[in-house]
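Chains as they are written, first to last, in full-length UniProt numbering: chain A, 1 to 169; chain B, 1 to 169. For every residue, glycine included, the Cβ atom is placed at its ideal position computed from N, Cα and C. Source: prediction; values computed, not measured. This report refers to the structure that appears directly beneath it.
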DNA sequence: TTTTTACGTCAGCCATGTTGACACAAATAT
DNA sequence: ATATTTGTGTCAACATGGCTGACGTAAAAA
């Protein structure tokens with residue numbers, strides 16, 4: 001508030017800039033999730049289902065523990081959603097070969113279809129934004145987003161490594 | 001999948017790029033909200049309270065209707081959270097002067113303190129990311145994020161206009 | 001053989017969203 | 001002047017998706 005009076009404090013601009021960053025994240029996430037949510041709503045599913053379908057599709061044969069570490073929710077919370085998806089035939093489970101306690105998760109055809117439909121929307125939104133902003137801006141976007149993300153998850157965005165090489169099934 | 005076999009399909013890279021965009025948003029938002037959530041949890045509040053406190057702090061004398069249009073939730077949902085904040089002394093309401101049906105919302109000292117504490121965390125996260133990425137990247141980040149946001153909310157990010165000039169109280 | 005790990009389940013609670021219905025005062029339109 | 005619309009609030013009921021705590025089982029690892 002003192003900044004308003006002085007009018008020349010560079011910290012005011014900085015604060016304003018940072019608040020814009022906060023708001024960009026809020027609005028982008030709000031709009032980014034709204035359409036898939038609407039599609040999901042029609043078939044009695046929610047955003048939590050979307051996340052599971054997305055990450056299982058993205059990481060075929062992912063284990064429950066790995067999925068939990070991505071989502072950062074409890075196994076009880078995941079269980080509810082995951083067992084619904086299995087029951088409804090979107091996801092299959094099969095025991096791991098080296099470790100038979102594991103349940104490796106995969107999308108069924110039906111699951112792949114739904115995943116496509118949901119993320120198509122989001123991909124289009126991103127594609128539109130990327131196209132409009134241009135390659136340099138996209139690189140800047142990536143850098144800033146990576147800086148916002150906790151260190152431990154950044155490696156996920158390095159030139160994509162075959163997960164089979166780093167995790168044992 | 002066909003892309004994997006051909007190995008040279010440029011659409012594969014594009015798909016990968018877009019999926020990375022999706023994931024950047026997921027992880028960034030997850031990490032961006034987790035620390036404020038923890039602070040709020042200790043005093044018995046949640047993310048919904050944070051959003052209200054944030055936008056009331058950002059837009060002093062905002063009306064309930066305006067707040068609803070930002071948050072895109074129902075008035076019943078807002079009511080629960082807002083009346084708690086008023087009851088706990090974080091937010092005050094006063095009737096509008098030109099329109100006495102309105103309840104103009106403002107943060108109390110206590111509300112300002114909490115807002116500071118919560119968004120300080122987020123500002124620091126953004127500041128760190130901005131610093132690391134540099135000015136050009138930040139501009140790219142802004143452009144892409146604006147492209148992701150629905151058209152109608154983009155004007156909010158133009159060189160900040162005095163709200164008093166565009167909305168009547 | 002003991003301990004740890006991966007996974008699951010039951011039960012209950014909380015936060016935050018929804019819809020629908022009703023109410024009232026104030027502003028606006030006819 | 002009266003009728004309608006708008007801004008706000010409230011009650012009630014329900015859904016989703018988090019959480020904790022407790023307990024169980026099979027398989028892997030020590």
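With three or more CB-CB distances shorter than 8 Å, the segment 119-133 of chain A counts as touching the segment 145-153 of chain B.
In the structure shown, residue 63/B adopts coil according to DSSP, grouped into three states. For residue 122/B, the nearest beta carbon of chain A is closer than 7 Å to its own beta carbon.
Going by DSSP, residue 120/A is part of the alpha helix (DSSP H) stretching over 109-133. Against chain A, the CB of residue 101/B has no partner CB under 7 Å away; the residue lies outside that interface. Membership of residue 102/A in any alpha helix (DSSP H) is not indicated, and neither H nor E is assigned to it by DSSP. Look at residue 25/B: its C-beta is under 7 Å from a C-beta on chain A. Contacts with chain A at 7 Å (Cβ-Cβ) include residue 31/B. In the DSSP annotation of this structure, the continuous segment of the alpha helix (DSSP H) that includes residue 87/B starts and ends at 75-87. DSSP places residue 154/A in the helix class (H, G or I) of the three-state scheme. Residue contact check for residue 144/A against chain B: a CB pair falls below 7 Å. Note on residue 28/B: 16 or more other CB atoms within 10 angstroms of its CB, so buried under the neighbour-count rule. Residue pairing of residue 92/B in beta bridges, as defined by DSSP: 106/B. Residue 20/B reaches chain A at 157, counting residues in chain order whose Cβ is nearer than 7 Å. Contact with chain B is found for residue 132/A, since one of that chain's Cβ atoms lies less than 7 Å from the residue's Cβ.
Excluding five sequence positions before and after residue 154/B, the CB atoms of its chain that fall closer than 6 Å to its own CB belong to 146, given in chain order.
Put simply, the CB of residue 153/A is near chain B, with a gap under 7 Å to one of its CB atoms. In the pairwise beta carbon analysis, the segment 82-93 of chain A is classified as not touching the segment 50-68 of chain B: fewer than three pairs are separated by under 8 Å. Distance from the Cα of residue 99/B is smallest, within the candidate group 39/B, 112/B, 78/B and 61/B, for 61/B. For a Cβ distance threshold of 9 Å, nothing in chain A lies close to residue 39/B: the least Cβ distance comes to about 15 Å. Using a CB distance below 8 Å, the part of the segment 88-119 of chain B facing chain A consists of 119, ordered along the chain. In its own chain, leaving out the 5 sequence neighbours on each side, no residue places its CB closer than 7 Å to the CB of residue 143/B.
Listed along chain A are 137 and 140, each with a C-beta nearer than 8 Å to that of residue 139/B.
At the C-beta level, residue 114/A and residue 32/B stay beyond 7 Å of one another. The residue among 15/A, 63/A, 118/A and 134/A with its C-alpha nearest the C-alpha of residue 95/A is 63/A. Look at residue 33/A here: in three-state DSSP terms it is helix. Distance from the CA atom of residue 111/B to the CA atom of residue 20/A, rounded to whole angstroms, is 20 Å. At a beta-carbon threshold of 8 Å, none of the residues of chain B lie near residue 47/A; the nearest stands roughly 11 Å away. Where residue 58/B is concerned, the enclosing alpha helix (DSSP H) starts and stops at 47-58. Within the model, the alpha-carbon separation for residue 130/A versus residue 58/A is close to 21 Å.
Residue 92/B is positioned such that its CB atom lies closer than 7 Å to that of residue 108/B.
Looking at 17/A, 37/A and 70/A, the one whose alpha-carbon comes closest to that of residue 23/B is 70/A.
Between residue 81/B and residue 140/A, the beta carbon gap of about 35 Å keeps them out of contact (Cβ cut-off 8 Å). Secondary structure at residue 41/B: helix, using DSSP grouped into helix, strand and coil.
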